[in-house]
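What follows is a short report on a single structure.
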Amino acid sequence: MGVEQKLGNMGVVTVKLEELVNWSRTNAMWPMLFGLACCAIEMMATQASNYDLSRFGMELMRASPRQSDLMIVAGRVTRKMAPVLRRLYDQMPDPKWVISMGDCASCGGVFNNYAIVQGVDEVVPVDVYVAGCPPRPEALIHGIVTLYEKVKGERIKDWA
Amino acid sequence: MTTETEITLTPVSLDEIKHLISERAIQGETVLLNMGPQHPSTHGVLRLLLELDGEEVVNCIPDVGFLHTGIEKNMEAKTYEKAAVMTDRLDYLNNLGNNLAYCMAIEKLADLDVPPRAQAIRVILTELQRISSHLVWLGTHALDMAAMSVFLYCFREREIILDIFEMCSGQRMMTTFFRPGGLWRDVPADFEAAVRKFIKLFPERVNEYERLLTKNPLFLRRTKGIGVLKPETALQYGVTGPMLRASGIAHDLRKAQPYSGYDQYDFDIPTFTDGDTYARYLVRVEEMRQSLRIVEQALNKLPLGPVRSNNRKYVPPPRSEIGVSMEALIHHFKLWTEGFTPPKGSVYVGVESPRGELGVYLESDGGPKPYRVHWRTPSFTNMQILPIIAKGHLVADLVVLIGTVDIVLGDVDR
Ligand code: SF4
Numbered sequence: 002m003g004v005e006q007k008l009g010n011m012g013v014v015t016v017k018l019e020e021l022v023n024w025s026r027t028n029a030m031w032p033m034l035f036g037l038a039c040c041a042i043e044m045m046a047t048q049a050s051n052y053d054l055s056r057f058g059m060e061l062m063r064a065s066p067r068q069s070d071l072m073i074v075a076g077r078v079t080r081k082m083a084p085v086l087r088r089l090y091d092q093m094p095d096p097k098w099v100i101s102m103g104d105c106a107s108c109g110g111v112f113n114n115y116a117i118v119q120g121v122d123e124v125v126p127v128d129v130y131v132a133g134c135p136p137r138p139e140a141l142i143h144g145i146v147t148l149y150e151k152v153k154g155e156r157i158k159d160w161a
Numbered sequence: 006m007t008t009e010t011e012i013t014l015t016p017v018s019l020d021e022i023k024h025l026i027s028e029r030a031i032q033g034e035t036v037l038l039n040m041g042p043q044h045p046s047t048h049g050v051l052r053l054l055l056e057l058d059g060e061e062v063v064n065c066i067p068d069v070g071f072l073h074t075g076i077e078k079n080m081e082a083k084t085y086e087k088a089a090v091m092t093d094r095l096d097y098l099n100n101l102g103n104n105l106a107y108c109m110a111i112e113k114l115a116d117l118d119v120p121p122r123a124q125a126i127r128v129i130l131t132e133l134q135r136i137s138s139h140l141v142w143l144g145t146h147a148l149d150m151a152a153m154s155v156f157l158y159c160f161r162e163r164e165i166i167l168d169i170f171e172m173c174s175g176q177r178m179m180t181t182f183f184r185p186g187g188l189w190r191d192v193p194a195d196f197e198a199a200v201r202k203f204i205k206l207f208p209e210r211v212n213e214y215e216r217l218l219t220k221n222p223l224f225l226r227r228t229k230g231i232g233v234l235k236p237e238t239a240l241q242y243g244v245t246g247p248m249l250r251a252s253g254i255a256h257d258l259r260k261a262q263p264y265s266g267y268d269q270y271d272f273d274i275p276t277f278t279d280g281d282t283y284a285r286y287l288v289r290v291e292e293m294r295q296s297l298r299i300v301e302q303a304l305n306k307l308p309l310g311p312v313r314s315n316n317r318k319y320v321p322p323p324r325s326e327i328g329v330s331m332e333a334l335i336h337h338f339k340l341w342t343e344g345f346t347p348p349k350g351s352v353y354v355g356v357e358s359p360r361g362e363l364g365v366y367l368e369s370d371g372g373p374k375p376y377r378v379h380w381r382t383p384s385f386t387n388m389q390i391l392p393i394i395a396k397g398h399l400v401a402d403l404v405v406l407i408g409t410v411d412i413v414l415g416d417v418d419r
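Here the protein sequences come in this chain order: A and B.
Take 2 as the starting number for the first sequence in my numbering and just add one per residue.
Take 6 as the starting number for the second sequence in my numbering and just add one per residue.
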């Protein structure tokens, strides 16, 4: 990548810090084990044998928000659940990202009523929306890859 | 972002829960602990308030409603046909079973006939759904006891079933394939081959799960004698499904009040008498085998013919008819703009879901929308038993007990 190409194999690799950090963030992103409704079943299917999410550095779902970088909001968020969701988000350490999985989490889906929050972006900031009811596992994987693209584009000067 | 006031958690004072906990908790001898709603083993968003004496559960108070979706109310705002879409999202492991209950209620209300081919396909698909639901249960139940491989195997087979659903309806989970008066459309030509392939492969796979668990000493230690449910208690609380059958009562709606032609098929109701977690495991595993038997028989006898009733007041005419018949066009227009209007009255229909008796109560005022829809969901009723079977067990066993009740929170909270 840099000086080692000129000087031969010295056992070191030089790289831009920004790239290295972003690369490591995308290849070991730990999602929070957090299922809400039907979409969570498809999230489990994405984890399981056929779709094997560990190919994307995500085999480890953390049950604790304190150890996770990514919150996949899989399912409908009710008014009763929204404060809990927000608290979980606040407990996650920075940097953190949110994928809103499914129509319900993204916009309320088929439930336009008193009980469902019409889009989880009312409660937490969302990075990637995945459409579908429920989204196919491939769609969720596509959402995750899209998030990786976004993370790779982050700049040092924007890190607060 | 909405106003900050909307997203604050209100703390619960001890006074509010005084009637639920024992004297000792108020004096500070036992510990109150919150479990959930975000917890890996509550299978969704169940919250439990635990009163613990050391490691022992003294009281366990479920707090439901974190997934209350307002489905019943929302269904009343839609026409009968459109409301069918909501039913899939109730118990999301038994989507086709919910469709079936709802369609049967309308059929009973409107005295609508269902052609035999549609009946047989309904049976095949709901039984496949039962297998897939039990597979998810088995996988997650084993995962709760840290047996990861069972989970991976179970989901492998579940994908095959979902592929069959997708082949029929174009969707993996939320199919809405059953419609009042029959099916959305006939199954594709390669449906039979796909199901036959599954029938051939699945028995060996069930044996594989059993080899992993049934005689596994760790699994036995975690399940034998844990959460014993006496038949009397089960009856008192209205517990149904595999929970009841593991306590020695052979009650199954498919046998007790056969619907959709279940009386034509030969199958057993697995029953065990121990009433513990292990017995419930055995019941469900055996049920998968019996379901497969039903699927095979139904497939062998699958009649030819239409898959939708000919009653044009309820079922839209086929596309080919619309071009040539004025009457068909009118029916089509009426059905898709206004919807059908069943006669006044109320019905209750129960079907056997993988979790127990799933009932729907439907009241019609003669209009195109249901006046009242109520769901009698098995998870909600079965969950009442959790505090009773959890009493006196260790916290670690509670995880197993939540799994063994097989609750689906979408079914509990609706
Ligand atoms: S988007 Fe569909 S599958 Fe996902 S939670 Fe909502 S209703 Fe369920």
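All residues carry an ideal CB built from backbone N, CA and C; glycine is no exception.
Bear in mind the structure is a predicted one, so any value in this text is a computation, not a measurement.
In the three-state DSSP reduction, residue 381 of chain B falls in the strand class (E or B). With distances taken between CA atoms, residue 64 of chain B lies nearest to B:28 out of B:28, B:45, B:91. Using a cutoff of 7 Å, the CB of residue 111 of chain A counts as near the ligand SF4, since one of the ligand's heavy atoms is closer than that. The three-state reading of DSSP puts residue 28 of chain A in helix, counting H, G and I together. In the DSSP assignment, residue 65 of chain B falls within the beta strand (DSSP E) that extends over 61 to 68.
Environment of the ligand SF4, chain-ordered: A:38, A:39, A:40, A:76, A:77, A:103, A:104, A:105, A:110, A:134, A:135, B:94, taking every residue with Cβ within less than 5 Å of a heavy atom. Residue 365 of chain B is bridged by DSSP to B:354, B:380.
In the displayed model, residue 342 of chain B falls within a helix according to three-state DSSP. Under the Cβ criterion (8 Å, minimum of three pairs), the region 401 to 411 of chain B counts as touching the region 149 to 161 of chain B.
When DSSP states are grouped into helix, strand and coil, residue 266 of chain B belongs to the coil group.
Here residue 112 of chain A is actually not in contact with residue 387 of chain B; their C-beta atoms are around 25 Å apart, not less than 8 Å. In this model, residue 43 of chain A and residue 133 of chain A are separated by some 11 Å (Cα to Cα).
When 8 Å is used as the limit between beta carbons, residue 139 of chain B is near no residue of chain A, the shortest such separation being about 14 Å. Ranking A:24, A:119, A:96, A:110 by CA distance to the CA of residue 128 of chain A puts A:96 first.
Looking only at B:188, B:328, B:333, B:352, the smallest Cα-Cα distance to residue 314 of chain B is reached by B:188. Contact note: residue 43 of chain B reaches chain A through 35, 85, 89, using a C-beta cutoff of 7 Å and chain order.
Out of A:76, A:142, A:115, the CA that lies nearest to the CA of residue 82 of chain B is found in A:115. Proximity of the region 373 to 385 of chain B to the region 132 to 142 of chain B falls short of the contact definition, fewer than three beta-carbon pairs being nearer than 8 Å. DSSP, reduced to helix, strand and coil, places residue 57 of chain A within a helical segment of the structure shown. Around the beta-carbon of residue 361 of chain B, 16 or more other beta-carbon atoms lie within 10 Å, marking it buried. Proximity of chain B to residue 82 of chain A at the Cβ level (cut-off 8 Å) is accounted for by 42, 50, 71, 72, in chain order. Annotated three-state conformation of residue 94 of chain B is coil, per DSSP.
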